[in-house]
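A quick write-up on the structure given underneath.
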Ligand code: CDP
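Numbering (my numbering), first residue to last: 55 to 266.
Written out as structure tokens, the structure is:
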């Protein structure tokens, strides 16, 4: 069983996928972390995340250890992630790992909950359950500011909003695997929904998709 959850920054993917993975006892993969780790590998040594050769080399050299770096949660790394993510060769390197995870979830789990931007459209187009979360950009920027504050990071709303707009635009207009809902996805606007309401709606949808 594969549950694909896509959507823009701070639309609630992380919270929902954690809850779903726990509820069904499935493995969870946050694919944003892969792109963040590639971005961090590049900028931590002063490289240009938009440079194809540099970014592709960083993707090929990715190790499990790179996914644990605390820096990955920062907005600077998010920006670098969206730059490396626009490069087709980088995405090609990361596709295999994601598909292998979906086909054989670790720890003998019987399913996977995977979140990202292109899971329902490109990585797992045959996933039986696809959910696309979205929310007004002002709401998402406010959520991200709160998350950053919880992490102990100083964040200014106006700056976060501006960066998020740029990242949304880069993610939706890139030529390779742009952010968009799959045709058969449940699209949920979470602007006025709390995490419980999103979880309930997702469970209903999954039940409807798996009942026959
Ligand atoms: O946490 P947030 O939603 O802000 O970002 P993320 O999911 O960690 O992803 C960071 C960046 O990686 C995104 O802005 C995308 O450019 C890229 N990404 C992608 O292109 N494809 C994915 N499957 C996941 C992330």
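The beta carbon of each residue, even a glycine, is placed where N, CA and C say it ideally should be. On a predicted model such as this, the values are computed, not experimentally measured, just so you know.
Within the same chain, and ignoring the five residues on either side of residue 88 in sequence, the residues whose Cβ sits closer than 6 Å to its Cβ are 148. With respect to the 8 Å criterion, residue 63 and residue 222 are classified as neighbours on the basis of their beta carbons. Under the DSSP assignment, residue 63 falls outside any alpha helix (DSSP H); it carries neither an H nor an E label. Rounded to whole angstroms, residue 216 and residue 90 show a C-alpha spacing of 19 Å. With a contact defined as Cβ atoms closer than 8 Å, residue 67 and residue 187 qualify at about 6 Å. Non-local beta-carbon contacts of residue 106 in its own chain, meaning distances under 7 Å to residues more than five positions away in sequence, involve 141, 143 in chain order. For residue 114, the enclosing alpha helix (DSSP H) covers residues 106-114. Boundaries of the alpha helix (DSSP H) harbouring residue 216: 211-227, taken from the DSSP string.
Residue 170: member of the beta strand (DSSP E) spanning 166-170, first to last residue. Taking all protein chains in view, the Cβ of residue 177 is crowded by 16 or more other Cβ atoms within 10 Å, so the residue is classified as buried. Between residue 239 and residue 184, the C-beta spacing is below 8 Å. Between ligand 1 and the CB of residue 89, the shortest heavy atom gap is smaller than 7 Å. Residue 208: not part of any alpha helix (DSSP H); DSSP gives it neither H nor E. Listed in chain order, the non-local C-beta contacts of residue 155 below 8 Å within the same chain comprise 81, 83, 166, 168, local neighbours out to five positions each way being set aside.
Residue pairing from DSSP leaves residue 180 without any beta-bridge partner. Rounded to the nearest angstrom, the gap between the Cα atoms of residue 97 and residue 225 is 19 Å. In the DSSP assignment, residue 121 forms no beta bridge with any residue.
Excluding residues up to 5 positions away in sequence, 226 lie with their Cβ nearer than 6 Å to the Cβ of residue 232 in the same chain. Counted as a single uninterrupted DSSP element, the stretch harbouring residue 238 is not any alpha helix (DSSP H), since DSSP gives it neither H nor E.
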